[in-house]
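S.K.:
Protein chains: 2
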Amino acid sequence: MSAKIPENFMDLFQKKAFGSLSTLMADGSPQTNPVWIDYDNGELWVNTAVGRLKDRNMKRDPRVSVAVIDPDNPYRFVEIRGKVREVTQDGATQHIDKMAKKYLGKDKYPFAQPGEQRVLFKIKPEHVHTMG
Amino acid sequence: MSAKIPENFMDLFQKKAFGSLSTLMADGSPQTNPVWIDYDNGELWVNTAVGRLKDRNMKRDPRVSVAVIDPDNPYRFVEIRGKVREVTQDGATQHIDKMAKKYLGKDKYPFAQPGEQRVLFKIKPEHVHTMG
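Protein sequences appear in the order of chains A and B. Residue numbering for the first sequence is 0 to 131, as defined by numbering that gives the first Met the number 0. Residue numbering for the second sequence is 0 to 131, as defined by numbering that gives the first Met the number 0.
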């Protein structure tokens with residue numbers, strides 16, 4: 000199963016719009032976290048640090064949902080349900096720098112902790128709902 | 000189990016901040032929706048229309064999570080995991096008008112559909128995480 004984000008909502012991924020990422024806890028309950036969000040070739044990319052709650056949750060259960068609200072109009076948004084298709088540390092440090100550029104205007108991600116390892120989750124949309 | 004939202008984050012419920020509400024689909028996967036959010040006596044109140052996806056989801060499984068981002072600073076937010084404690088239609092129409100006042104500055108909710116029945120979900124926080 001696979002779904003496409005409509006062209007006329009792609010601007011949300013150019014803007015500094017946050018995603019609200021929901022993952023599943025071990026007991027199956029949902030957990031929601033604001034995240035920087037990237038779009039690449041039909042998939043959503045989320046970058047986190049190894050060991051964080053959403054890292055552990057997505058490695059256990061690949062089912063996620065992401066809502067992205069237009070920062071210029073909160074009644075315009077896209078909601079995506081899908082599954083993590085790939086988890087990789089390859090390129091994850093370069094990718095968080097790309098996100099720092101997008102969201103902070105900085106060439107280098109400034110919040111790295113000592114010893115932190117970045118990890119990239121590539122999410123395949125299965126259901127897409129838009130409003131506005 | 001019960002948890003308290005810290006006093007210094009209560010301003011988020013005065014502002015026109017949206018909540019990102021995550022509910023569980025029948026197959027256990029998460030679904031996320033931007034919502035108007037109210038706070039009352041330690042609980043979160045979410046108002047929707049009978050028959051909508053989140054209405055059906057929360058009636059089936061009371062486990063939810065809500066993230067509220069400060070509209071003035073996206074790096075400041077509160078995340079709440081908890082359970083629906085009460086579902087009621089009593090007072091739900093008055094309550095959506097209260098939300099219309101808060102978010103739209105209107106005395107009456109302007110988006111009601113013919114025959115729409117409002118329903119109010121009262122959510123008891125079990126885990127609260129803040130950032131910023």
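Using N, Cα and C, we set each Cβ at its ideal position, and we do this for glycine too. A quick note: this is a predicted structure, and the numbers were derived from the prediction, not measured.
I want to see whether chain B comes within less than 8 Å of G50 of chain A, judged by CB atoms only; does it?
M.R.: Position 51 of the first sequence, counted from the first residue, corresponds to residue 50 of chain A. Not closer than 8 Å to any Cβ of chain B, the Cβ of G50 of chain A fails to qualify, so no.
S.K.: Contact criterion: CB-CB distance below 8 Å. Does I68 of chain A meet it with respect to chain B?
M.R.: Residue 68 of chain A sits at position 69 when you count from the first residue of the first sequence. Yes, I68 of chain A counts as interfacial toward chain B.
S.K.: Closer than 7 Å by beta-carbon distance: list the chain B residues that pair up with S19 of chain A, in chain order.
M.R.: The sequence position of residue 19 of chain A within the first sequence is 20, counting from 1. Correct list: S19, T31 and A66.
S.K.: Helix, strand or coil: how does DSSP classify D89 of chain A here?
M.R.: Residue mapping note: residue 89 of chain A aligns to position 90 of the first sequence, counting from 1. In the structure shown, D89 of chain A sits in coil (DSSP, three-state: anything other than H, G, I, E or B).
S.K.: Does the distance from the C-beta atom of L119 of chain B to that of T87 of chain B stay below 8 Å?
M.R.: Stepping through the second sequence from its first residue, residue 119 of chain B is reached at position 120. Stepping through the second sequence from its first residue, residue 87 of chain B is reached at position 88. Taking 8 Å as the Cβ cut-off, L119 of chain B and T87 of chain B qualify as a contacting pair.
S.K.: Measure the C-alpha to C-alpha separation of W35 of chain A and N7 of chain A and round it to an integer number of angstroms.
M.R.: In the first sequence, residue 35 of chain A corresponds to position 36, counting from 1. In the first sequence, residue 7 of chain A corresponds to position 8, counting from 1. If you take the alpha carbons of W35 of chain A and N7 of chain A, they lie about 20 Å apart.
S.K.: Chain B beta carbons: is any one of them nearer than 8 Å to that of P124 of chain A?
M.R.: To locate residue 124 of chain A, count along the first sequence from 1; it is residue 125. It does not; no Cβ of chain B falls within 8 Å.
S.K.: Quick check: the Cα distance between L23 of chain A and G27 of chain B, rounded to an integer number of angstroms?
M.R.: Numbered from its first residue, the first sequence carries residue 23 of chain A at position 24. Numbered from its first residue, the second sequence carries residue 27 of chain B at position 28. About 9 Å.
S.K.: With three or more beta-carbon pairs closer than 8 Å as the criterion, would you say the region 42 to 57 of chain B touches the region 91 to 111 of chain B?
M.R.: Yes, the region 42 to 57 of chain B touches the region 91 to 111 of chain B.
S.K.: Would G104 of chain A pass as an interface residue toward chain B - the criterion being a Cβ-Cβ separation below 8 Å?
M.R.: Taking the first residue of the first sequence as 1, we reach residue 104 of chain A at position 105. Chain B contact via Cβ: absent.
S.K.: Excluding five sequence neighbours on each side, which residues of the same chain lie with their C-beta closer than 7 Å to the C-beta of S21 of chain A?
M.R.: Working through the first sequence from its first residue, we reach residue 21 of chain A at position 22. P29, Q30, T31, V63 and S64, listed in sequence order.
S.K.: Considering just the uninterrupted stretch of the beta strand (DSSP E) at K53 of chain B, what are its terminal residues?
M.R.: Position 54 of the second sequence, counted from the start, is the residue given in the question as residue 53 of chain B. Element bounds for K53 of chain B: not the beta strand (DSSP E) but the alpha helix (DSSP H), L52 to R59.
S.K.: Quick one: list the residues of chain A neighbouring E78 of chain B, beta-carbon separation under 9 Å, in chain order.
M.R.: To locate residue 78 of chain B, count along the second sequence from 1; it is residue 79. Residues of chain A passing the Cβ test: Q30, T31, N32 and P33.
S.K.: To the nearest angstrom, how far is the alpha carbon of P73 of chain B from that of M130 of chain B?
M.R.: Along the second sequence, one-based indexing puts residue 73 of chain B at 74. Along the second sequence, one-based indexing puts residue 130 of chain B at 131. Near 10 Å, if we compare the C-alpha coordinates of M130 of chain B and P73 of chain B.
S.K.: Pull up the CB-CB distance for F12 of chain A and D37 of chain A, whole angstroms please, since I reckon it's below 8 Å.
M.R.: Walking along the first sequence from the start, residue 12 of chain A turns up at place 13. Walking along the first sequence from the start, residue 37 of chain A turns up at place 38. Right, their Cβ atoms sit about 7 Å apart.
S.K.: Can you give me the C-alpha to C-alpha distance between D60 of chain A and P113 of chain B, rounded to a whole angstrom?
M.R.: For the purposes of this step, residue 60 of chain A is identified with residue 61 of the first sequence, where counting begins at 1. For the purposes of this step, residue 113 of chain B is identified with residue 114 of the second sequence, where counting begins at 1. Going from the Cα of D60 of chain A to the Cα of P113 of chain B covers about 40 Å.
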